[in-house]
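These notes concern the structure reproduced below.
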């Protein structure tokens, strides 16, 4: 049961953070909503929260499992989100403490991409850029993230779509999809996933 509790806490955190673009550690400009269902409140329970921005650092996409058409800087750089719009997160936990949680967001803003050599990682876990960015993408972001777990399996899935214009004036569209699932007895994010993919394409 320990691994289920750990995953439920992660799920709530992810739902609140609307863990979006490219596996990001996203945050808010305004005060983040508080998730209690599945965190301080045991199931059965359900909760819905709304948020209006996504701002924070994103981890690199990493090696795609598909034949990606994206430039290397998009795959390897660390991004900084600054988007405003509309987002909602849902958390549901049943009597058996199985849970389902999703978050979605759509809005406009910028994704600024820096080489890892131009980013400072601080002891408190925060990340700040230094120097000049490789690219700035201005446009529209839509993302969805979902996670669920029960006695038989755990699943994590996410999609991100970004369309916009680079500083050079050229356009860029990005579609990102990731998925991981584990079977009964496995500890998610510790044991290898049964199925896992990380696909990103650009046009």
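In mature numbering (1 follows the signal peptide of the UniProt record, and there is no 0), the protein residues as written are -29 to -1, 1 to 174. Note that CB positions come from ideal geometry on N, CA and C, so glycine has one too. None of the values given here were measured: they were computed from a predicted structure.
Presumed contact (8 Å Cβ cut-off) between residue i and residue j, rounded CB distance
i: residue 77; j: residue 63; result: Not really, about 22 Å apart at Cβ, beyond 8 Å.
i: residue 54; j: residue 80; result: 3 Å
i: residue 173; j: residue 145; result: 5 Å
i: residue 126; j: residue 152; result: 4 Å
i: residue 74; j: residue 50; result: That pair is no contact at about 18 Å.
i: residue 83; j: residue 111; result: Their Cβ separation, rounded to whole angstroms, is 16 Å, which puts residue 83 and residue 111 out of contact at 8 Å.
i: residue 48; j: residue 31; result: 6 Å
i: residue 28; j: residue 98; result: 4 Å
i: residue 89; j: residue 102; result: 4 Å
Any non-hydrogen atom of the ligand PLP closer than 7 Å to residue i Cβ
i: residue 20; result: Among the components modelled here there is no ligand, and therefore nothing to report on the ligand PLP.
Helix, strand or coil at residue i according to DSSP, with G and I counted as helix
i: residue 158; result: coil
i: residue 6; result: coil
i: residue 169; result: strand
i: residue 114; result: strand
i: residue 105; result: coil
i: residue 43; result: helix
i: residue 126; result: strand
i: residue 132; result: strand
i: residue 31; result: coil
i: residue 174; result: coil
i: residue 138; result: coil
i: residue 244; result: Here the chain comprises residues numbered -29 to 174, so residue 244 is not present and cannot be evaluated.
i: residue 121; result: coil
i: residue 96; result: coil
i: residue -7; result: Low per-residue confidence applies at residue -7: pLDDT is 44, beneath 50, and the placement is therefore not dependable, though the value from the model is reported in the following sentence. Correct three-state label for residue -7: coil.
Those residues which DSSP pairs with residue i across a bridge
i: residue 63; result: 17, 71
i: residue 49; result: 85
i: residue 36; result: DSSP, once it has assigned bridges, lists no residue as partnering residue 36.
i: residue 24; result: 55
i: residue 175; result: Residue 175 cannot be examined here, being either before or after the span of the chain that is shown, -29 to 174.
Nearest neighbour of residue i, chosen from the options [CA to CA]
i: residue 159; options: 133, 148, 123; result: 123
i: residue 66; options: 84, 149, 16, 143; result: 16
i: residue 137; options: 154, 164, 109, 91; result: 109
i: residue 12; options: 22, 68, 45; result: 68
i: residue 148; options: 129, 164, 163; result: 129
Proximity test, Cβ basis, 8 Å: residue i and chain C
i: residue 30; result: Absent here is chain C; the protein component of the structure consists of one chain.
Burial state of residue i, where buried means 16 or more other Cβ atoms lie within 10 Å
i: residue 96; result: exposed
i: residue 37; result: exposed
i: residue 104; result: buried
i: residue 168; result: exposed
i: residue 155; result: exposed
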